[in-house]
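Only one structure is covered here, and it is reproduced in the block below.
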Amino acid sequence: MLQAREFVEAARARGFQWYAGVPCSYLTPFINHVLQDPQLHYVSMANEGDAVALAAGVALAGDGRGGPGRGIAMMQNSGLGNAVSPLTSLTWTFGLPQLLIVTWRGQPGVPDEPQHALMGPITPRMLETMQIGWELFPTEAAQLEAALDRALAHMNTTGRCYALLMQKGSVAPTELHAEPPTVVAAAPAARVLVRRSATTPQLRPSRAQALREIVAHSDQSATVLLATTGFCGRELYAVADRASHLYMVGSMGCVTPLALGLALARPDLKVIALDGDGAALMRLGAFATIGASAPRNLWHLLLDNSVHESTGAQATVSATVAFADVASACGYRSCLDTDSVAELPGWLRPGDGPHFARLLTRTGTPPDLPRPKISPAQVRERFMQHISSGGRS
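The opening position of the sequence shown corresponds to residue 2 in this note's numbering, with each subsequent residue numbered one higher.
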């Protein structure tokens with residue numbers, strides 16, 4: 002049986018300092034150990050997909066030597082279902098590898114709860130179907146170095162994730178001697194600033210107008226823009242194609258945990274997450290994680306036109322959701338609700354974040370809207386080169 006400290010120290014020596022996940026009883030020794038080490042970071046996520054997206058943001062931040070940063074996403078195998086989208090359309094598509102620790106509940110021959118009866122036997126096949134290399138989690142210290150070296154070699158050569166499948170009893174218990182401060186002290190809820198005009202929805206600004214305003218007031222040497230999937234990324238590309246821009250494809254709802262991982266790992270950057278109402282509704286739990294993590298360098302702009310525009314303008318339920326109130330309740334330091342792009346320059350001014358703004362926009366897209374002519378892997382490569390060079394690329 003392995004000691005949690007033995008694994009964590011071997012992983013630390015290989016650059017792994019960021020952990021994110023959803024607890025499982027098999028993972029308790031790791032979580033307890035990491036929580037009590039001030040040099041390591043554990044982010045408790047609302048779901049397993051968010052953990053993968055946050056670790057992808059850590060990878061995007063880089064290791065300071067031109068390679069990806071190193072993050073570990075931890076989850077029970079039942080949570081693989083929640084993580085399929087970012088594992089197949091974010092980490093795989095952009096080449097943002099991470100180490101996965103997946104507990105093997107319902108392993109054939111090991112009695113477990115009925116909810117694991119199907120997922121247990123199919124877990125290895127699920128990993129293989131997603132082209133994730135895997136092996137059993139080491140149970141002896143003598144196995145550690147080789148296992149982690151195989152994982153890193155796979156991640157470095159393929160740009161894809163690697164999983165360690167943890168069986169019951171692999172790691173000895175680790176006590177949590179004192180409850181460490183895992184989140185910042187709760188602050189009074191931010192007052193929501195509402196700046197609405199009396200115009201009809203048809204007279205609201207377009208998404209393209211909002212993006213032009215954001216780009217015009219962003220210093221690309223120190224500011225990065227991450228655009229959610231769909232028309233938002235395509236319109237940002239049409240407005241200005243910069244090395245400091247990332248255009249998400251797929252992984253709907255993951256732009257905020259991705260931006261959070263990047264912001265936490267690179268506090269020197271100003272990170273702007275460009276979100277949509279449908280995407281935000283899909284992963285509202287990310288609001289809570291952002292508020293609790295309190296990154297001072299994160300700006301979260303929700304462009305709300307009340308429809309899933311890229312799929313035919315089917316209505317969302319955003320009209321009934323007070324997003325700025327949600328952000329305030331979750332701990333964002335400033336919250337704006339507006340339908341005027343003139344409010345954006347002031348919202349973007351320096352000041353401790355995280356900051357939230359919901360901008361009501363009208364529907365519609367520019368004619369002949371282009372798709373990026375640069376591949377996701379190329380977007381990632383130039384983005385990482387840009388931030389590693391201090392914005393000089």
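Virtual Cβ for every residue (Gly too), placed ideally from N, Cα, C.
TODO: Helix, strand or coil for methionine 2, going by three-state DSSP, please let me know.
DONE: It is coil, neither helix nor strand.
Task: Helix, strand or coil at isoleucine 102 according to DSSP, with G and I counted as helix - done: Of the three classes helix, strand and coil, the one that applies to isoleucine 102 here is strand, per DSSP.
Task: Element boundaries [beta strand (DSSP E), containing alanine 228] - done: From DSSP, the beta strand (DSSP E) with alanine 228 extends over 224-228.
Open item on the list: Determine whether the beta carbon atoms of alanine 12 and valine 53 lie at a separation below 9 Å.
Closed with: Pairing alanine 12 with valine 53 gives a Cβ-Cβ distance that is not under 9 Å.
Task: Span separating the alpha-carbon of leucine 261 from that of proline 30 - done: CA-to-CA, the gap between leucine 261 and proline 30 works out to about 25 Å.
Task: Given 8 Å, three or more beta-carbon pairs between the segment 218-225 and the segment 351-364 - done: Taking 8 Å as the limit for Cβ pairs, the verdict is that the segment 351-364 does not touch the segment 218-225.
TODO: Could you tell me whether any Cβ in chain C is nearer than 9 Å to the Cβ of alanine 173?
DONE: Chain labels in this structure do not include chain C; a single protein chain is all it has.
Task: For valine 59 and isoleucine 123, the rounded distance between their alpha carbons - done: Counting only the Cα atoms, valine 59 lies some 29 Å from isoleucine 123.
Task: tyrosine 20 - DSSP class collapsed to helix/strand/coil - done: In the three-state reduction of the DSSP assignment, tyrosine 20 falls in the strand class.
Task: Of the residues Thr290, Trp348, Asn306, Ser307, the one placed nearest valine 327, counting alpha carbons only - done: Comparing Cα positions, the closest option is Thr290.
Open item on the list: Count Cβ pairs between the segment 28-47 and the segment 198-212 that sit closer than 8 Å; are there 3 or more?
Closed with: Counting C-beta pairs closer than 8 Å gives fewer than three between the segment 28-47 and the segment 198-212, which falls short of the contact rule.
Task: Bounding residues of the alpha helix (DSSP H) (the contiguous stretch that carries valine 380) - done: Start and end: 377-389.
TODO: Kindly identify the DSSP beta-bridge partner or partners of phenylalanine 357.
DONE: Answer is His301, Cys336.
Task: Start and end residues, alpha helix (DSSP H) containing serine 294 - done: Residues 286-294.
Task: Pair within 9 Å by beta-carbon distance, leucine 119 and valine 103 - done: Against a cut-off of 9 Å, the Cβ pair of valine 103 and leucine 119 comes out as no contact.
Task: Proximal residues to threonine 364 (C-beta, below 7 Å), its chain only, five neighbours per side dropped - done: The beta carbon of threonine 364 sits closer than 7 Å to the beta carbons of Asn306, Val308, Glu310, Ala314 from its chain, once the five residues preceding and following it are set aside; these are given in chain order.
Task: Proximity of alanine 228 and leucine 237 at Cβ, strictly below 9 Å - done: Cβ atoms of alanine 228 and leucine 237: closer than 9 Å.
Open item on the list: Tell me the rounded alpha-carbon separation between alanine 186 and glutamate 176.
Closed with: Model confidence at alanine 186 stands at a pLDDT of 49, short of 50, so the residue's coordinates are unreliable; what they give is reported in the following sentence. Spanning the two alpha carbons is a distance of roughly 24 Å.
Open item on the list: What would DSSP say about glutamate 136, mapped onto helix, strand or coil?
Closed with: Note: glutamate 136 maps to strand in three-state DSSP.
Open item on the list: Quick check for students: name the residue ranges of the beta strand (DSSP E) that lie wholly in the segment 125-172, counting only runs of 3 or more.
Closed with: Runs of beta strand (DSSP E) with 3 or more residues, each lying fully within the segment 125-172, are found at 134-137, 163-167, listed in chain order.
Task: Same chain, Cβ closer than 6 Å to arginine 197, neighbours up to 5 away in sequence not counted - done: Excluding residues within five positions, the ones whose Cβ falls inside 6 Å are Asp340.
- [ ] Could you have a look at alanine 328 and say whether DSSP puts it in helix, strand or coil?
- [x] Three-state DSSP puts alanine 328 in a helix.
Task: Cβ neighbours of alanine 320 in the same chain (closer than 7 Å, five flanking residues each side left out) - done: Closer than 7 Å at Cβ, skipping near neighbours: Ser307.
Open item on the list: Here's a check: name, in chain order, each residue in its chain whose Cβ is nearer than 6 Å to the Cβ of cysteine 336, leaving out the five neighbours to either side.
Closed with: Taken in chain order, the residues that qualify are Ala191, Val193, Ala325, Ala328, Ser329, Phe357.
Open item on the list: For proline 371 and glycine 279, what's the separation of their Cα atoms in angstroms?
Closed with: Taking the straight line from one Cα to the other gives about 22 Å.
Task: Strand pairing of tyrosine 43, partner residues [DSSP] - done: Note: tyrosine 43 sits in a beta bridge opposite Tyr20.
Task: Reduced DSSP secondary structure (H/G/I, E/B, other) of arginine 208 - done: Helix, per DSSP.
Task: Residues near phenylalanine 288 by beta carbon distance below 7 Å, same chain, minus five either side - done: Residues of the same chain with a CB within less than 7 Å of the CB of phenylalanine 288, apart from the 5 flanking positions on each side, are Val327, Ala328, Cys331 in chain order.
Open item on the list: For tyrosine 27, report the span of its alpha helix (DSSP H) as first-last.
Closed with: Tyrosine 27 -> no alpha helix (DSSP H), and no H or E assigned at all.
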